[in-house]
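Peer 1: According to our numbering, the residues represented by the sequence shown are 348 to 463, in order.
Think of the CB as a built atom: it goes at the ideal place given N, C-alpha and C, for glycine as much as any other residue.
Once you've had a glance at the structure underneath, I'll fire off some questions.
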Amino acid sequence: MEEITIWHNNRCSKSRDSLCFIKDNIENATVFEYLKTPPTLQDINQVLEKLNIPAETLIRKGEEVYKSNFKDKKFSEEEWRQILVQHPVLIERPIVIRGNKAVIGRPIENVFDLLA
């Protein structure tokens, strides 16, 4: 099986649920705690390519930093990517990666489908 990586935030119940499912079903999975070790621009670019979505789709719009700094403002794709690098708390979670594909684990059925 291809390597599995989860971009994980332990404070998030959906992320914990996905991690539990992965640990119960996959022997060797990599846990990337992106708030402890923020992703680089290259990491963001790669995950967006695997998710096949624009950067703005990955933004958590309920976060205070979004509401105070970015809400109702227009940014280019590259600017959104830089914003994700500078403010990793805005990254939707969890992200589960398998080979060249990735899903956002909301709902957890997305993770089931990726690992099936």
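1. From the DSSP output, in three-state form, read off R453 for me.
2. Between the Cα of P386 and the Cα atoms of N447, N375 and P435, which residue gives the shortest distance?
3. What is the DSSP secondary structure of F368, counted as helix, strand or coil?
4. Give the single residue among T377, N356 and R363 whose Cα lies nearest to the Cα of I444.
5. Measure the CB-CB distance between A402 and L366 and report whether it falls below 9 Å.
6. Hey, L462 and N357: beta-carbon distance below 9 Å or not?
7. For F368, which residues of its own chain have a beta-carbon under 7 Å away from its beta-carbon, when the five flanking residues on both sides are left out?
8. List the residues that DSSP assigns as beta-bridge partners of R445.
Peer 2: Well, looking at it:
1. Here residue 453 is taken as the residue at index 106 of the sequence shown, counted from 1. If DSSP states are grouped into helix, strand and coil, R453 belongs with coil.
2. Taking the sequence shown and counting its residues from 1, the one referred to as residue 386 is at position 39. Between P386 and the set N447, N375 and P435, the nearest pair of CA atoms involves P435.
3. Position 21 of the sequence shown, counted from the start, is the residue given in the question as residue 368. It is helical.
4. Counted from its first residue, the sequence shown places residue 444 at position 97. The option with the nearest alpha carbon to I444 is T377.
5. Counted from its first residue, the sequence shown places residue 402 at position 55. Counted from its first residue, the sequence shown places residue 366 at position 19. The criterion of a C-beta distance shorter than 9 Å is not satisfied by A402 and L366.
6. Here residue 462 corresponds to residue number 115 of the sequence shown, with the count starting at 1. Here residue 357 corresponds to residue number 10 of the sequence shown, with the count starting at 1. Contact: no.
7. On the sequence shown, position 21 is the one that residue 368 refers to. Around F368: I455 and V458.
8. In the sequence shown, the residue the question calls residue 445 occupies position 98. R445 has I351 and K448 as its beta-bridge partners, per DSSP.
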